[in-house]
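Quick notes on the structure that follows.
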Amino acid sequence: MVDSNSTERTYVLQTARGSLTGTEVVDTRTNKPIYRRYARIRYALPPVGERRWRKPEPLPADWIFSDGNNNPRNYRKFGAICPQVDAPDDLLNGGNSTEVQNDMSEDCLFLNIWVPAGGEGPAGGWSVQFMYYEFPGGEYTSGHGMQRDYLDPIDIYRDNRDNLRIIVSANFRVGVFGFLASEELLQDAKGTPKCHDRYAVCGNFGFWDLRMALEWTHANVHLFGGNVNNITAGGSGRLTARIIRRAFLFSGAVAVQPDTPQSEKPRKLFFDLCRRFHIDGDLPSEDKIRLLRGVSAEKLLEFSKTLDVGFRPVTDGQGGFVPIWFMRTIRNGELGRRLKELGVQVLIGDASNEAGLYQYLNRKPISSQQDLRTKLTMQYPQDIVDALIVRHEGQNVNWNFIYSQIVADIQCHSAVRGFAHSLFKGGMTAQEVLRYHISWKSKTLAMPLEVGTSHALDFPLWWYSGWRTGFSERDKEDVLNFTRPFARFIRGDISALFGWGTETEYEVRLLAPDGSVRVTEDSMWKEKMGIWNIVRDVQLRRSGSGVARRQVNGGP
Numbered sequence: 001m002v003d004s005n006s007t008e009r010t011y012v013l014q015t016a017r018g019s020l021t022g023t024e025v026v027d028t029r030t031n032k033p034i035y036r037r038y039a040r041i042r043y044a045l046p047p048v049g050e051r052r053w054r055k056p057e058p059l060p061a062d063w064i065f066s067d068g069n070n071n072p073r074n075y076r077k078f079g080a081i082c083p084q085v086d087a088p089d090d091l092l093n094g095g096n097s098t099e100v101q102n103d104m105s106e107d108c109l110f111l112n113i114w115v116p117a118g119g120e121g122p123a124g125g126w127s128v129q130f131m132y133y134e135f136p137g138g139e140y141t142s143g144h145g146m147q148r149d150y151l152d153p154i155d156i157y158r159d160n161r162d163n164l165r166i167i168v169s170a171n172f173r174v175g176v177f178g179f180l181a182s183e184e185l186l187q188d189a190k191g192t193p194k195c196h197d198r199y200a201v202c203g204n205f206g207f208w209d210l211r212m213a214l215e216w217t218h219a220n221v222h223l224f225g226g227n228v229n230n231i232t233a234g235g236s237g238r239l240t241a242r243i244i245r246r247a248f249l250f251s252g253a254v255a256v257q258p259d260t261p262q263s264e265k266p267r268k269l270f271f272d273l274c275r276r277f278h279i280d281g282d283l284p285s286e287d288k289i290r291l292l293r294g295v296s297a298e299k300l301l302e303f304s305k306t307l308d309v310g311f312r313p314v315t316d317g318q319g320g321f322v323p324i325w326f327m328r329t330i331r332n333g334e335l336g337r338r339l340k341e342l343g344v345q346v347l348i349g350d351a352s353n354e355a356g357l358y359q360y361l362n363r364k365p366i367s368s369q370q371d372l373r374t375k376l377t378m379q380y381p382q383d384i385v386d387a388l389i390v391r392h393e394g395q396n397v398n399w400n401f402i403y404s405q406i407v408a409d410i411q412c413h414s415a416v417r418g419f420a421h422s423l424f425k426g427g428m429t430a431q432e433v434l435r436y437h438i439s440w441k442s443k444t445l446a447m448p449l450e451v452g453t454s455h456a457l458d459f460p461l462w463w464y465s466g467w468r469t470g471f472s473e474r475d476k477e478d479v480l481n482f483t484r485p486f487a488r489f490i491r492g493d494i495s496a497l498f499g500w501g502t503e504t505e506y507e508v509r510l511l512a513p514d515g516s517v518r519v520t521e522d523s524m525w526k527e528k529m530g531i532w533n534i535v536r537d538v539q540l541r542r543s544g545s546g547v548a549r550r551q552v553n554g555g556p
């Protein structure tokens, strides 16, 4: 990335909960402040020791920002991120050899806040964008609170003044620390459920972290000039009920109900973990968990690096994060009805070649259909894999290419369209569900040809970091033409809803290969909705709910 033409100086913020020493970033060309950043703000107690593999515990009611002497505490340096497998983000940093180097620690539940500088905010406070970052293709093994140079929002604040907002992003637990799943975590030494322990859950700890970070933001962002009633977040589901006014889903949605902790894959991972550290599987549940909590974070991370497929979210049932009826409420339109009642708008879309990224990230040769099936069933249920592989039988095929196509469809292309369809089925309109599609890629991005236009490449657009990777003036103009309504969407400006341009669920706002922006029918709709329906029908058969009638334009 090119020089950001900025310098940093300290800035002290006084609040009703104490004072913070943050960082004010200044434009060296004008000497005007661009934004202020407050990093390493703790939003929950450290998830270490006995708090490992439990829901995050809130800070005490009397917490303050100041230090023990009631002086401003230093919030200039990013906090540690959860121990994780290094993500190959050379795809995104433009070959930057001076990229931010993050410390790793289980004590990682911190968030970062960026606030516009150089002027008063709007009446009622700045709009707030809550953003969590998982590396594209990371599959819950890597993620953090935007602590990389290519995620620095400096170009939003400097060159696009109509797009100003407070940005909040949190570190959260990933991999074995965030998504180990086992019913043993809910049982005491006698195998009795811990009914009265409100922090005991059987998995999805990383999701609970993000929920607490969002709740912390809702409770405290006013101290930074934010409007608590104007929060937009990257995500959906249960978090929307009380806090989120708008949600955005960049190149991803959900199509498959996760496994339960009692199912084969999570059980195997749990017992493989026990065997790796010589923990007898016949020990009482509480003893197994106690011994696992005694294993160092470094050793747990080393074990994670040996896995072909890591720890994932689970269906944790009543009182958990992902209920057993999760996918049903999406397919039958109930989620859409609920979001409409709450007045929540959703922006959702994808890029034209998501498969290119998965093919780039999974370059180990797949030599046969059986190898393909084995690799896919590590990630998805066997019956879904078999149903999708059938579509490619009889072809003279490249198995790696088919693998990338199937993953891209389940993770993105079919999931995005099926999810959007379910929102419309619940009564939402094209003014409430804003669909997009990106087929454009700047020639200045030094990306491998096979990656194409994928969700690794939309960050330079939404985040304007392409300004620092050499975007031409024409590139910048094209990007701004495409993203200006998104800026209004974040602000809650009603003109964004009617300025997006789409009128039906089958239309998208397209950033075309030539840089033009237009509203057009979704050319992928028929094919990808067909795949959504295949995945849907397999799950319905498995659940005994009957076989839905396959139809291109939807279904339960």
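Here the sequence shown is numbered in full-length UniProt numbering, starting from 1 and rising by one per residue. Just so it is clear, CB atoms sit at the ideal spot from N, CA and C, and this is done for glycine as well.
Sub-7 Å separation of residue i and residue j beta-carbons
i	j	result
residue 44	residue 56	yes
residue 501	residue 519	yes
residue 531	residue 409	yes
residue 465	residue 357	no
residue 178	residue 84	no
residue 430	residue 483	no
residue 422	residue 336	yes
residue 251	residue 352	no
residue 147	residue 248	no
residue 266	residue 181	yes
residue 167	residue 4	no
residue 288	residue 413	no
residue 129	residue 494	no
residue 383	residue 538	yes
Residue i, DSSP secondary structure in three states
i	result
residue 350	strand
residue 212	helix
residue 72	coil
residue 5	coil
residue 225	coil
residue 187	strand
residue 434	strand
residue 361	helix
residue 376	helix
residue 116	strand
residue 170	strand
residue 27	strand
residue 324	coil
residue 19	strand
residue 428	coil
residue 199	coil
residue 127	strand
residue 443	coil
residue 312	coil
residue 366	coil
residue 47	coil
residue 474	helix
Supposed contact pair residue j and residue i - C-beta distance, whole angstroms, cut 8 Å
i	j	result
residue 224	residue 113	6 Å
residue 107	residue 48	6 Å
residue 355	residue 253	Incorrect: roughly 16 Å between the Cβ atoms, too far for contact.
residue 207	residue 313	7 Å
residue 171	residue 111	7 Å
For residue i, the residue or residues it bridges with in DSSP
i	result
residue 144	133
residue 507	521
residue 111	41 and 170
residue 12	21
residue 56	BP columns for residue 56 are empty, so no partner.
residue 345	246
residue 410	Note: residue 410 sits in no beta bridge, so no partner.
residue 233	130 and 247
residue 35	25 and 116
residue 81	104
Buried or exposed by the 16-neighbour rule on C-beta atoms within 10 Å, applied to residue i
i	result
residue 553	Only weak support is given to the placement of residue 553: the predicted model assigns it a pLDDT of 43, under 50, and the question is left unresolved by the model.
residue 477	exposed
residue 296	exposed
residue 436	buried
residue 488	buried
residue 217	buried
residue 260	buried
residue 346	buried
residue 533	buried
residue 368	exposed
residue 227	buried
residue 342	exposed
residue 294	exposed
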